[in-house]
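In the numbering used here, the protein residues as written are 15 to 246.
We put the CB at the ideal spot given by N, CA and C, even for glycine.
Written below as structure tokens is the structure these notes are about.
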């Protein structure tokens with residue numbers, strides 16, 4: 015569904031992503047794992063059109079989207095749940111959700127119901143200011159906001175960051191449920207153990223290069239991955 019071919023990204027004189035290639039199959043969960051600074055978030059931001067690549071191509075269902083603007087990439091079906099959640103704190107929950115559908119001109123009622131079914135807590139707090147929500151609730155809101163554009167692919171950047179373990183488990187359960195409902199997931203996650211247990215396919219990034227790939231289960235049992243990322 016999504017094909018990355020020879021992607022290169024520079025920050026100033028630093029080559030942050032060094033010609034990586036990978037694929038995200040339709041209706042699958044794919045994860046990128048690696049240490050801080052490996053190029054994971056940069057890769058997501060480049061796919062989303064927020065960073066311009068220095069080389070390589072990005073294809074969505076055969077269409078070259080490499081040079082498209084972020085809003086046109088959203089309109090093609092790719093959304094990004096950013097690191098740190100980035101909700102609008104002074105707006106209500108429902109106003110934040112509607113911002114996720116800013117490109118749409120049709121009724122949002124069905125999609126609001128879908129989000130509220132996934133996240134009943136958001137329905138309870140629909141008229142509450144987003145800045146008053148807990149960290150876990152803000153993460154739910156960030157995911158719900160991304161879903162409001164009806165994405166084909168949802169990219170998630172560190173969804174567990176700063177959350178309690180019990181909340182993290184809930185977020186990953188929701189990721190699996192969203193995927194079951196037909197949304198393809200590309201996940202960057204510091205919790206490599208949870209990411210690989212959840213993912214169908216994984217790639218390991220090290221200093222801007224993909225060094226390993228395989229199914230989530232294969233990478234979970236790989237000795238190099240266990241030593242570097244799983245603490246065993």
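Which same chain residues end up closer than 7 angstroms to residue i when comparing Cβ atoms and leaving out the 5 residues on each side of it in sequence?
i	result
residue 130	136, 137
residue 231	none
Among the candidates the options, whose CA atom is the shortest distance from the CA of residue i?
i	options	result
residue 197	109, 157, 107, 70	157
residue 65	147, 179, 79	79
residue 22	56, 41, 46, 42	56
residue 143	132, 37, 178, 104	104
residue 67	19, 152, 149, 90	19
residue 59	176, 204, 84	84
What do you reckon, is the C-beta of residue i under 6 angstroms from a heavy atom of the ligand HEM?
i	result
residue 174	Absence of the ligand HEM is noted for the structure shown, with no ligands found whatsoever.
Which value, in whole angstroms, describes the spacing of the CA atoms of residue i and residue j?
i	j	result
residue 72	residue 180	36 angstroms
residue 107	residue 69	39 angstroms
Short of 8 angstroms in beta carbon distance, which residues of its chain neighbour residue i, apart from the five on each side in sequence? Order them along the chain.
i	result
residue 220	48, 49, 52
residue 184	150
So residue i and residue j are supposed to be a Cβ contact under 8 angstroms. How far apart are they, rounded?
i	j	result
residue 215	residue 44	5 angstroms
residue 199	residue 168	6 angstroms
residue 74	residue 92	7 angstroms
Can you tell me whether residue i is helix, strand or coil according to DSSP?
i	result
residue 22	strand
residue 32	strand
residue 130	helix
residue 217	strand
residue 172	coil
residue 78	strand
residue 238	helix
Identify, in the order they occur along the chain, each residue of the same chain with its Cβ nearer than 6 angstroms to the Cβ of residue i, setting aside the five sequence neighbours on each side.
i	result
residue 122	115
residue 37	17
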